[in-house]
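Following the working numbering from start to finish, the sequence shown increments by one per residue and tops out at 1469.
Backbone N, C-alpha and C define an ideal beta-carbon position, used for all residues, glycine too.
Notes for the one structure printed next.
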Amino acid sequence: MMNENDTEHSVASSLPFSTLAFALARHTLFCLFSSLMTRESTITRATTNVPNSLSSMEDSTSPYFLHNSDHPGIVLISHHLIGANYNTWSRAMVLTLTAKNKINFIDGSIPCPEYDDLLFGTWIRYNSMVISWILNSVHKDIVDSLLYFDTAVGIWNDLRDRFCQSNGLRIFQIKKHLIALNQGSLDVITYYTRLKILWDGLKGFQPLPECACGTMKTWMEFQQQEYVMQFLMGLNESFVQTRS
C-alpha cells in the first residue's frame, strides 16, 4: 500500500518537466519576495524616528533651510559691532537671524549632533554659515579674536560677555544723552528721531508694572506726557509758540 510521500512523488513524477520547473521558479520568487519585504519592514521600523537631512533642507520652516540668496558673504546689518554699540547691534542681529530662522544656532537650542547622525554634516555647514554672517557684521579689529571658535553660539556668548553692559550703566548713559540732547542745528524731524531712539532704548530696560487694575494705562499715559515735555523743552526758541 502506498503512503502519502509515495503518492506525492508519484504525482510529481507524472507532471511534465516544464510544469515542475515553473512551480519551482514561482516558489523561489515567492520566498525571495517575502525575504525582501521582511527586510524592508525592518529597515523602515529602524529609521522611522531618524530625521531626514534632505527633507529638513527642503522645508522652509526648518532652521536647516537656506534661501537661494543666502551665502557666507552676506552682511546682515548695516552697522558693524565696534564694542560700545553692542546692545543695539545684538538687537538688530537677533531680529535678522530670527527672520532667517537661524536664531537656534546662537541660542544653543540646536546643539551639534553626534558624528554618526544624519544631520551632522548639515549642521556643520549651517553653523559655519551663521559664523560667517556674524564675522561679516563685526568690526575688523574684533574679528581676529573670533576666528578660532567652532560654533556660532560660542562666538555669540563671547561677544555678550565682553561687550554687554549692565542695565544700570546703560540706563545712566541713555538718560545722560537725553538730558544733553536739544534741537540745536537739527531739523525737527531729525531731532525727534534721535529722541525716539533714546526713548526706545530706555524703554527696553524699564520694567513694566504687572497689574489688571488699570494702573498700566495710567503709567503709559504718564510716560507719553514725559516724552512730549522732553521734546518740547529741547526745541529751539523759534518754536516758543509751539511750546506754549
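Please state the DSSP three-state secondary structure of Val1363. As a first step, residue 1363 is located in the sequence shown; it is residue number 138 there, counting from the start. Strand at Val1363.
CA-CA distance, Asp1295 and Ser1315? Residue numbering aside, residue 1295 sits at position 70 when the sequence shown is read from its first letter. Residue numbering aside, residue 1315 sits at position 90 when the sequence shown is read from its first letter. Spanning the two alpha carbons is a distance of roughly 20 Å.
Do you know how far the Cα of His1402 is from the Cα of Lys1365? Counted from its first residue, the sequence shown places residue 1365 at position 140. Counted from its first residue, the sequence shown places residue 1402 at position 177. Rounded to the nearest angstrom, the two C-alpha atoms are 28 Å apart.
Just tell me which of Pro1336, Asn1361, Tyr1340 and Met1354 has its CA closest to the CA of Ile1302. Taking the first residue of the sequence shown as 1, we reach residue 1302 at position 77. It is Asn1361.
Determine whether the Cβ of Met1441 lies closer than 9 Å to any Cβ atom of chain D. No chain D appears in the structure shown, which is made up of a single protein chain.
Just to confirm the assignment, what range does the alpha helix (DSSP H) spanning Leu1320 have? By 1-based counting over the sequence shown, the position of residue 1320 is 95. Where Leu1320 is concerned, the enclosing alpha helix (DSSP H) stretches over Tyr1311 to Ala1324.
Minimum C-alpha distance to Lys1325 - residue among Asn1461, Phe1290 and Trp1381: Taking the sequence shown and counting its residues from 1, the one referred to as residue 1325 is at position 100. Checked all of Asn1461, Phe1290 and Trp1381; the closest Cα to Lys1325 is Phe1290.
Compute the Euclidean distance between the alpha carbons of Arg1524 and Glu1339, then round it to the nearest angstrom. Because the chain here runs from 1226 to 1469, residue 1524 falls outside it and cannot be looked at.
Between Leu1384 and the ligand NAD, is the CB less than 8 Å from at least one heavy atom? Of the ligands one can find in the structure shown there are none, so the ligand NAD has no counterpart to examine.
By a C-beta neighbour count over all protein chains shown, 10 Å radius and 16 as the cutoff for buried, is Gly1459 buried or exposed? Position 234 of the sequence shown holds residue 1459. With 16 or more Cβ atoms within 10 Å of its Cβ, Gly1459 is classed as buried.
Can you tell me whether DSSP reads Leu1403 as helix, strand or coil? Within the sequence shown, numbered from 1, the residue matching residue 1403 stands at position 178. Three-state result, Leu1403: helix.
Spatial neighbours of Gly1333 in its chain, beta-carbon cut-off 8 Å, leaving aside the 5 residues before and after: The count along the sequence shown starts at 1 and reaches residue 1333 at position 108. Answer for Gly1333: Val1378, listed in chain order.
Pick helix, strand or coil for Leu1460, following the three-state DSSP scheme. Walking along the sequence shown from the start, residue 1460 turns up at place 235. Coil at Leu1460, not helix or strand.
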